[in-house]
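Asks: Dropping a structure here in structure tokens format, bear with me for questions.
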């Protein structure tokens, strides 16, 4: 908990509570929580800080099934959290289904869909394999057709992200989390697009960052 205290002293007012690496991959000297639920409880027992947790519209890679996933999510919600930030997902149908399943299980904390602007389709395919996410065929084809043209890929990635956010806004979602991958230029274009009409009610700190 020392690190959390250090963050508070620096003025940080929110934290994303994740389990992180498996116990086998960390040093025995490092503090470790077997699951994010224990971490959330420890944070709330010691600090007054906004807590966000992860959500998985396409299921966690270590998922034991939909029912088990939502039981665990409900436990985390009841432990006292303020927001669910989802793993990036390119399917709005899956995001909306996830939202509806949360509501059906009385998990009614705000959900911020994770949006990943694509600039390098090969890199994103690699990430997708690691985290169990899928890339729609039409999106993959669109980027492969302009392979080698970095400017065109960036523009297309921004367009896809804007369209995805627009469609979710029309479904009543107005909080979003951009996975920037240190691409401040793309992030800025997306934010500026929505800042003009002031359509987005809340954006995560990640979305505000460059």
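In the working numbering, the protein residues as written are 36 to 245. Virtual Cβ for every residue (Gly too), placed ideally from N, Cα, C.
(1) Any chance the region 147 to 155 sits against the region 110 to 122, with 3 or more Cβ pairs inside 8 Å?
(2) Shortest alpha-carbon distance to residue 279 belongs to which of 227, 200 and 189?
(3) Between the Cα of residue 132 and those of 41, 210 and 101, spot the shortest distance and give me the residue it belongs to.
(4) Just how far apart, CA to CA, sit residue 123 and residue 45?
(5) What's the C-alpha gap between residue 226 and residue 173?
(6) What alpha helix (DSSP H) runs, 4 residues minimum, are completely inside the region 103 to 149?
(7) Count Cβ pairs between the region 70 to 79 and the region 108 to 115 that sit closer than 8 Å; are there 3 or more?
(8) Between residue 154 and the rest of its own chain, which residues show a CB-CB distance below 7 Å, the 5 nearest in sequence each way excluded?
(9) List the residues that DSSP assigns as beta-bridge partners of residue 85.
(10) Okay, do the region 77 to 93 and the region 39 to 54 touch, 3+ Cβ pairs below 8 Å being the bar?
(11) Since residue 90 sits in a beta bridge, which residues does DSSP pair it with?
(12) Is DSSP giving residue 97 helix, strand or coil here?
(13) Quick check on the burial criterion: 16 or more other C-beta atoms within 10 angstroms. Buried or exposed for residue 106?
(14) Using alpha carbons as the reference points, say which of 151, 157 and 141 lies closest to residue 127.
(15) Straight-line CA distance for residue 202 to residue 213?
(16) Quick check on the DSSP output: the alpha helix (DSSP H) that includes residue 156 runs from which residue to which?
(17) Between residue 142 and residue 130, what straight-line distance do the alpha-carbon atoms span, to the nearest angstrom?
(18) Given a cut-off of 8 Å on the beta-carbon distance, is the pair residue 160 and residue 170 in contact?
Replies: According to the structure data:
(1) Three or more pairs of CB atoms, one per stretch, sit closer than 8 Å, so the region 147 to 155 contacts the region 110 to 122.
(2) Residue 279 lies beyond the range of the chain shown here (36 to 245); nothing can be said about it.
(3) For this step, residue 132 is matched to residue 97 along the chain shown. Checking every option, the nearest Cα to that of residue 132 belongs to 101.
(4) The count along the chain shown starts at 1 and reaches residue 123 at position 88. The count along the chain shown starts at 1 and reaches residue 45 at position 10. When rounded, the distance between both Cα atoms is 29 Å.
(5) Residue mapping note: residue 226 aligns to position 191 of the chain shown, counting from 1. Residue mapping note: residue 173 aligns to position 138 of the chain shown, counting from 1. Rounded to the nearest angstrom, the gap between the Cα atoms of residue 226 and residue 173 is 25 Å.
(6) Taking 4 residues as the minimum length, the alpha helix (DSSP H) runs contained wholly in the region 103 to 149 are 127 to 139, in order along the chain.
(7) By the C-beta criterion, the region 70 to 79 is judged to be in contact with the region 108 to 115, since at least 3 inter-stretch pairs fall below 8 Å.
(8) Within the chain shown, numbered from 1, the residue matching residue 154 stands at position 119. Answer for residue 154: 188, 189, 192, 218 and 221, listed in chain order.
(9) Along the chain shown, one-based indexing puts residue 85 at 50. Beta-bridge pairing links residue 85 to 49.
(10) Cβ pair count under 8 Å is three or more, so yes.
(11) The residue given as residue 90 occupies position 55 in the chain shown. BP columns for residue 90 point to 121.
(12) Here residue 97 refers to the residue found at position 62 of the chain shown. Three-state DSSP puts residue 97 in coil, outside helix and strand.
(13) By 1-based counting over the chain shown, the position of residue 106 is 71. By the 10 Å Cβ count, residue 106 comes out exposed.
(14) Taking the chain shown and counting its residues from 1, the one referred to as residue 127 is at position 92. Considering only alpha carbons, the answer is 151.
(15) One-based indexing of the chain shown puts residue 202 at position 167. One-based indexing of the chain shown puts residue 213 at position 178. Near 15 Å, if we compare the C-alpha coordinates of residue 213 and residue 202.
(16) Residue 156 sits at position 121 when you count from the first residue of the chain shown. It spans 156 to 166 - the alpha helix (DSSP H) in which residue 156 sits, taken as one unbroken run.
(17) Working through the chain shown from its first residue, we reach residue 142 at position 107. Working through the chain shown from its first residue, we reach residue 130 at position 95. Rounded to whole angstroms, residue 142 to residue 130 spans 15 Å at the Cα level.
(18) As a position in the chain shown, residue 160 is number 125, starting the count at 1. As a position in the chain shown, residue 170 is number 135, starting the count at 1. In contact: residue 160 and residue 170 (Cβ atoms closer than 8 Å).
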